[in-house]
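First comes the structure, then the notes that go with it.
There are 2 protein chains.
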Amino acid sequence: MGRIIGIDAGGTKTQALVMDEQRNVLFESVAGHGNPSVSFQQAMDHLTLVLKECLHDGEADAIVIGMAGLQSGPLEERVKDVLAPLSPSPMWIISDAELAFDSAIGDDDGILTIAGTGSISHGRHGTMTGVSGGWGHLLGDEGSAYSIAIQACQIITTEIDRDVPLSPLSQAVMKEIGAVDGKGLKGFIYTSDKGEIASLSKIVDACAQDGDASSRMILQKAGASLGMQTVELARNLSLSSLKVAIKGSVLEASNAVQTSFKQVVSEAYPDATILLSPMSPALGAVTTLTRMRRKH
Amino acid sequence: MGRIIGIDAGGTKTQALVMDEQRNVLFESVAGHGNPSVSFQQAMDHLTLVLKECLHDGEADAIVIGMAGLQSGPLEERVKDVLAPLSPSPMWIISDAELAFDSAIGDDDGILTIAGTGSISHGRHGTMTGVSGGWGHLLGDEGSAYSIAIQACQIITTEIDRDVPLSPLSQAVMKEIGAVDGKGLKGFIYTSDKGEIASLSKIVDACAQDGDASSRMILQKAGASLGMQTVELARNLSLSSLKVAIKGSVLEASNAVQTSFKQVVSEAYPDATILLSPMSPALGAVTTLTRMRRKH
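What follows is the structure, encoded as structure tokens:
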């Protein structure tokens, strides 16, 4: 194989890389979100755009797409119906978490835990793979920026219901969203998208750094649940030693979350290696492809 | 005053009653939801329809509208802009919870606690009024059918993540939604509306009646948080004796929720009177109007 196209179709942006089998990047194209369960048409438009740009200088040997939001319905087939006509090359569609795993952990056994707007853990042990979390904002996504933000807002609702003065964290959140009362808070929550709400987690992190106790508690709980999710998956996969990669704005940028994550993982797996993964998920395509070719 | 129009503009249906000052119902009209934050245009269509029907035989002396979803933005003015041209009569717009309070408690002091798809408590002590809860499905609504349903679904996600067999409650929920795995569960949650999700609370109630421990625990917790919300509001309003009316599918139909609600309220207020309110909220219009006229 020579030219490989790897596409990370995420909830915020779509990044496509053309690379050789040593992961040298030959070309890059970026567009808006590629999550078909947010908007199928928009996702297909963005994917068509980056794919056409990548194919401009010649065909690829294979195309690997890691896609968010594949959980609901027979979306994979519908995506293939749109994209396959663009190129005769074999096309593989996997979850965005699996592609990110292939980028961060490569062919090794281990677990990738992502906590950005949402959260999920993806793991592998030999030919066995597994997932933990990733249930989305209504059912779970504990430890995610969205979940951290909602917990901060719930402190405000409790204070309003109890008729007590707003705490420093609550005041900071209300200032950020430009609200002065419960009506304003509700207005923000029910007219904003998930990403806008999730961005309030930065306020929680700033307040924790200023020494606010309840902010720190929210972040410690977030790190602990991400840690437990990781350990649970490691046990399900019967991993005896553990290599963990972490990714996403929350786990990468919040010191409090990262510290308590590492603590929970290290208690269960004292020899665990925990590494930040600065690599682009799209780079995982080379590993994915090698694995797929071994299987088929 | 002679002819009064009371309209309960709820999240599911809009009920309008023409009545005399003794609350004798002279005419009734029903249409779809009247919640302007669900769909402004639909809500206005439904309200216009019932209002025109009520005005068909003659003008009313006053119109009182209790409306869900008024929390976000300057909706009240926009609603008046649409509806006021239909009649020269004075028009009052209040929250649906306040109208239901006026129907259930009348001119007395007390608290109305509603737990249907969502949940809220509305209270009054003399000229003081207060609200507790009612934060909607993303921020709160503890004890509501929606919250009960989500907790049942979160038991399923925990069991799947832990790789253990599904409990009886989880099996019943999965059967009800026609899902066989986590993918199916996510598909249901992220493609259904709040009401469809909330209706799963009936499965939790059925399982609790069959002796399922975790179902019973979810319902007891729901009743307890509704009870605490009620007690908290009573304290905020400095009520020394307590008259509580309960309303909504969860508090009316679930024995387990009602029992634990009564227990929490009675512990804090041993002399509390707790009554079911079978009255239509729209009937509250007569009380609302008398109060409004006293104030102005």
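Heads up: the protein sequence lines correspond to chains A and B, in order. Per our numbering: the first sequence = residues -5 to 290. Per our numbering: the second sequence = residues -5 to 290. Where is the CB? At the ideal position from N, CA and C, for every residue including glycine.
Proximal chain A residues relative to Gly4(B), where beta-carbon distance stays under 7 Å:
None at all; the shortest Cβ gap to chain A is about 17 Å.
Based on Cα-Cα distance, which residue from Ile(-1)(B), Thr8(B) and Ala166(B) lies nearest to Arg17(B)?
Ile(-1)(B)
Look at the Cβ atom of Gly28(B), then the Cβ atom of Ala3(B), and state whether they are nearer than 9 Å.
Annotated as proximal: Gly28(B) and Ala3(B), with beta-carbon spacing under 9 Å.
Among Asp175(A), Gly189(A), Lys169(A) and Glu170(A), whose alpha-carbon lies nearest the alpha-carbon of Thr151(A)?
Asp175(A)
9 Å is my cut-off, CB to CB: does Asp187(A) come that close to chain B?
no
Tell me where the beta strand (DSSP E) around Pro12(A) begins and ends.
One detail in the question is off: residue 12(A) reads as Val in this sequence, not Pro. From DSSP, the beta strand (DSSP E) with Val12(A) extends over Lys7 to Met13.
Taking Ser126(B) as part of the beta strand (DSSP E), name the residues at either end of that continuous run.
Met122 to Gly127
Just checking: is the beta-carbon of Arg156(A) within a distance shorter than 9 Å of some beta-carbon in chain B?
Answer yes: the Cβ-Cβ gap between Arg156(A) and chain B drops below 9 Å somewhere.
If you measure between the beta carbons of Ala146(A) and Ile105(A), is that distance less than 9 Å?
no
Per DSSP, the bridge partner or partners of Leu269(B)
Ala239(B)
Residue from Gly217(B), Ser209(B), Met286(B) and Leu179(B) whose Cα sits closest to the Cα of Gly130(A)
Of Gly217(B), Ser209(B), Met286(B) and Leu179(B), the residue nearest in Cα terms is Leu179(B).
Within the chosen definition, does the region 223 to 243 of chain B reach the region 109 to 124 of chain B through at least 3 CB pairs nearer than 8 Å?
Three or more Cβ pairs closer than 8 Å define a contact, and the region 223 to 243 of chain B meets that threshold against the region 109 to 124 of chain B.
With a CB to CB cut of under 6 Å and the five nearest residues on each side skipped, what residues in its chain are close to Gly100(B)?
Thr281
Please confirm if Glu226(A) has its CB atom under 9 Å from at least one CB of chain B.
For Glu226(A), the answer is yes, since a Cβ of chain B falls inside 9 Å of its Cβ.
So if I threshold CB-CB distances at 7 Å, which residues from the region 6 to 19 of chain A count as touching chain B?
The region 6 to 19 of chain A vs chain B, Cβ under 7 Å: nothing.
Measure the CB-CB distance between Ser235(B) and Ala266(B) and report whether it falls below 9 Å.
yes
How many angstroms separate the CA atom of Met286(A) from the CA atom of Phe95(A)?
In a straight line, the C-alpha of Met286(A) is about 14 Å away from that of Phe95(A).
Nearest residue (CA-CA) to Gly217(A), options Phe255(A), Val32(A) and Gly205(A)
Between Gly217(A) and the set Phe255(A), Val32(A) and Gly205(A), the nearest pair of CA atoms involves Phe255(A).
Taking beta-carbon pairs under 7 Å, can you tell me which members of the region 122 to 150 of chain B lie near chain A?
Ser126, Gly127, Trp129, Gly130, Leu132, Leu133, Gly134, Ile144, Cys147 and Gln148
Round the Cβ separation of His213(A) and Ala250(A) to the nearest angstrom and send it over; I've been treating them as touching at under 8 Å.
In the sequence as presented, His is not what sits at residue 213(A); that position holds Leu. Sure, about 4 Å apart at Cβ, within 8 Å.
Just list the residues that DSSP pairs His119(A) with in beta bridges.
Met122(A)
Whole angstroms is fine: what's the gap from Gln36(B)'s alpha carbon to Pro30(B)'s?
Straight-line Cα distance between these residues: approximately 8 Å.
Going by C-alpha distance, which of Gly63(B), Val76(B) and Ser89(B) is nearest Leu43(B)?
Val76(B)
To the nearest angstrom, how far is the alpha carbon of Thr6(A) from that of Ile183(A)?
19 Å
In this structure, what does DSSP give as the bridge partners for Phe21(B)?
Val12(B)
Which one of Glu15(B), Met38(B), Leu20(B) and Val19(B) has the shortest CA to CA distance from Gly26(B)?
Met38(B)
Terminal residues of the beta strand (DSSP E) in which Ala3(B) lies
Ile(-2) to Ala3
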